[in-house]
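Enquirer:
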Amino acid sequence: MSQPAPLNPLTLPLHGSRLIEASAGTGKTFTIALLYVRLVLGGQHGDDDTAFVRPLTPPEILVVTFTNAATQELRERIRHRLVEAAGVFRAEGTSEGAPGASRSGGHSTGMLNVAPKDGFTAPPRRLAAGEAPVVALDPLLLTLRDQYDPATWPACARRLELAAEWMDEAAVSTIHSWCYRMLREHAFDSGSLFSLNLENDQQELEQEVVRDYWRTFYYPLDAEALGSITGYWKSPDQLHQDVRKLLHESDALGAPRPEPKQTLSAAQAERHARLTELKAPWPAWLDDLVPALEDAAQRKAFKGQSFNAKSRANWLSALREWCDSDATRPALTPAAWKRLTPEGMAEIWKEGAPPCPAVWEALAELPDALNALPEPRNDLLIHAVQWCKVRLEREQERRAEMGPNDLLTHLDRALQGPNKEALAAQILRQFPVALIDEFQDTDPIQYRIFNAVYEVA
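If you count by my numbering, then the sequence shown holds residues 57 to 513, one letter each, in order.
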């Protein structure tokens, strides 16, 4: 595994896969813009092993970021950097100043700031006719320029100027916009519709699908099973809130789950069997425990204030009712759960050892055992997500539309599907280089998409 190294944007190899780690405010956009300039220029000589194999144009350099606002800002920053670099290559000599150059790439104001010898700030002086302003040139761009033969500087400047003029058609976009474009432009290999509409707000359609699911699977349930469902989700709208969080990850949820009726029935049977097993020894334990505690109370073997007759009667009665009923948990107070344990008994016992030690051990372990009882909620939710995802895609296909999260999912599937080699090759030819701002390597879908095309791994 390669070790991290300080970044030099002038020598970073522009081939293979490169990961740049940077915190906020450390110049990520600045670096992207400078790498972009290098990609436009191409190598300075034949044995330059850091450059890309050929100069690229803005439509060939894919730049991906994550908001539309960031996209526009990044496009303008790159444009300005190209103009600035062109000015450096137009400047003569290697001095730090050059006529006619503007650091921002904008037009000259016709004014020149002059600092008088006395150190006080002087008002700007208007330039004489034909006089150009002198401004400092970026040392990084000067270093970059010096890597090229001076005879090629005018051609390099022209290439940079053309790229700046071409930036309106540059491939700078959000990942969702780029996926949408790929699905439309490569509809045959991606298996998408040639006419595809992007619907940014899919909530109404999702709610309609979830209501269909509720009617299909929950309405026919008996009262007990429906009561279990409404214990998790009071309404279709509540179910929708949980379903929508997982819709775009439905492929990662594993094997299809049984229908709710079967899931609830199986969980109920398993819970009943496990509860029966947990409750089985308790009648005999209580038969032994009640007289043993009364005898200990008579002997004043424990602190009576902490374990008085009323508390003992209530707590032991709750355990007896739990044994004799279908209840899942005994109706014990927090104080009871704390006291009826080996540690709780040890705190109040004054002589000898508490009777029936197996009872206190079992009570200490009982909360965890009850929490581990089969819980059908996850399987119910996964079934709902998987069914709703299929129904949603069917409805989207009928309407020839797609939601934002579906864009990534569909392109990911296409790049894993039967035409994956052809699709990946077409995208790679279209965009030989990709610069991904804030690459989300923890997002498996995004990672698979770019790895399929650019072999990130």
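Glycine residues also receive a C-beta, built at the ideal position from the N, C-alpha and C atoms.
(1) Is it buried or exposed for Pro-316, if we count other Cβ within 10 angstroms and need 16 for buried?
(2) Please work out which residues of its chain come closer than 6 Å, Cβ to Cβ, to Ile-117, disregarding the five sequence neighbours upstream and downstream, and give them in chain order.
(3) Run the proximity test for Leu-388: is its beta-carbon closer than 7 Å to any non-hydrogen atom belonging to the ligand SAH?
(4) Round the Cβ separation of Pro-114 and Met-238 to the nearest angstrom and send it over; I've been treating them as touching at under 8 Å.
(5) Quick check: what's the CA-CA separation for Leu-216 versus Ile-231?
(6) Do the region 449-467 and the region 294-314 meet, that is, are 3 or more Cβ pairs less than 8 Å apart?
(7) Determine the direct distance from the alpha carbon of Ala-336 to that of Pro-398, and round the result to whole angstroms.
(8) Return the first residue and the last residue of the beta strand (DSSP E) that Ser-381 is part of.
(9) For Ile-483, I'd like the list of residues in its chain whose CB is within less than 8 Å of its CB, leaving aside the five on either flank, ordered along the chain.
(10) Going by beta carbon distance, what residues of the same chain come within less than 6 Å of Val-512, once the five residues before and after it are set aside?
(11) Quick one: using the 10 Å Cβ neighbour count with 16 as the cut-off for buried, is Ser-229 buried or exposed?
(12) Return yes when the Cβ of His-136 is within less than 8 Å of the Cβ of Thr-319, no when it is not.
(13) In its own chain, which residues sit with a C-beta less than 7 Å from the C-beta of Leu-112, not counting the 5 before and 5 after it?
(14) By a C-beta neighbour count over all protein chains shown, 10 Å radius and 16 as the cutoff for buried, is Asp-468 buried or exposed?
(15) Drop a sphere of 10 angstroms on the beta-carbon of Gly-310, count the other beta-carbons inside from all chains shown, and report buried for 16 or more, exposed for fewer.
(16) Do Pro-411 and Leu-349 count as a contact pair if the criterion is CB distance below 8 Å?
(17) If you pair each beta-carbon of the region 393-408 with each one of the region 355-362, do three or more pairs fall below 8 Å?
(18) Using the Cα positions of Val-190 and Pro-500, report the straight-line distance between them to the nearest angstrom.
(19) Identify, in the order they occur along the chain, each residue of the same chain with its Cβ nearer than 6 Å to the Cβ of Lys-445, setting aside the five sequence neighbours on each side.
(20) Could you check how far apart the C-beta atoms of His-296 and Glu-262 are, in whole angstroms? I think they sit under 8 Å.
(21) Under 6 Å Cβ to Cβ from Ala-493, same chain only, skipping five residues before and after it: list those, please.
(22) Given that a residue counts as buried once 16 or more other Cβ atoms are within 10 Å of its Cβ, and exposed if not, what is Glu-140?
(23) For Thr-230, which residues does DSSP report across the bridge?
(24) If we call anything under 8 Å between Cβ atoms a contact, is Trp-443 one with Tyr-269?
(25) Which of the three DSSP states, helix, strand or coil, is assigned to Asn-370?
(26) Report the partner residues of Ala-490 according to the DSSP bridge assignment.
(27) Quick one: complete alpha helix (DSSP H) runs, 4+ long, within the region 392-454?
(28) Measuring CA to CA, which of Leu-90, Ala-365, Arg-485, Val-119 is closest to Leu-196?
(29) In or out: Gln-258 buried (at least 16 other Cβ within 10 Å) or exposed?
(30) Less than 7 Å between C-beta atoms, sequence neighbours within five positions excluded: which residues of the same chain meet that for Pro-65?
(31) Take Cys-235 and list the residues in its own chain whose beta-carbon comes closer than 6 Å to its own, dropping the five residues that flank it on each side.
(32) How should Ala-428 be labelled, buried or exposed, when 16 other C-beta atoms within 10 angstroms of its C-beta is the threshold for buried?
(33) At which residues does the alpha helix (DSSP H) containing Asp-351 begin and terminate?
Expert: Reading it off the structure:
(1) buried
(2) Leu-95, Val-489
(3) Ligands displayed in this structure: none; no statement on the ligand SAH is therefore possible.
(4) 18 Å between Cβ atoms; not a contact.
(5) 26 Å
(6) yes
(7) 21 Å
(8) No beta strand (DSSP E) contains Ser-381, which DSSP labels as neither H nor E.
(9) Met-238, His-242, Val-509
(10) Ser-73, Phe-506
(11) buried
(12) no
(13) Annotation for Leu-112: Leu-95, Val-96, Pro-488, Val-489 place their beta carbon closer than 7 Å to its own, counting only its chain and skipping 5 residues before and after.
(14) buried
(15) exposed
(16) Yes; because the gap between Cβ atoms is below 8 Å, this pair is in contact.
(17) Judged by pairs of C-beta atoms under 8 Å, the region 393-408 touches the region 355-362, as three or more such pairs exist.
(18) With a pLDDT of 46 at Val-190, under the threshold of 50, the modelled position of that residue is not reliable, and no figure is offered here.
(19) The answer, listed in chain order, is Leu-303, Ser-306.
(20) 6 Å
(21) It should be noted that the sequence gives Asp, not Ala, for residue 493. Thr-121.
(22) buried
(23) BP columns for Thr-230 point to Thr-121.
(24) yes
(25) In the displayed model, Asn-370 falls within a helix according to three-state DSSP.
(26) Leu-118
(27) Inside the region 392-454, DSSP marks whole alpha helix (DSSP H) runs of 4 or more residues at positions 398-404, 413-427, from first to last along the chain.
(28) Nearest C-alpha to Leu-196 among Leu-90, Ala-365, Arg-485, Val-119: Leu-90.
(29) When all chains shown are included, Gln-258 counts as buried.
(30) The answer, listed in chain order, is Thr-87, Leu-90, Leu-91.
(31) Closer than 6 Å at Cβ, skipping near neighbours: Leu-463, Leu-464, Leu-467.
(32) The residue in question, Ala-428, is exposed, as its Cβ has fewer than 16 Cβ neighbours within 10 Å.
(33) 338-354
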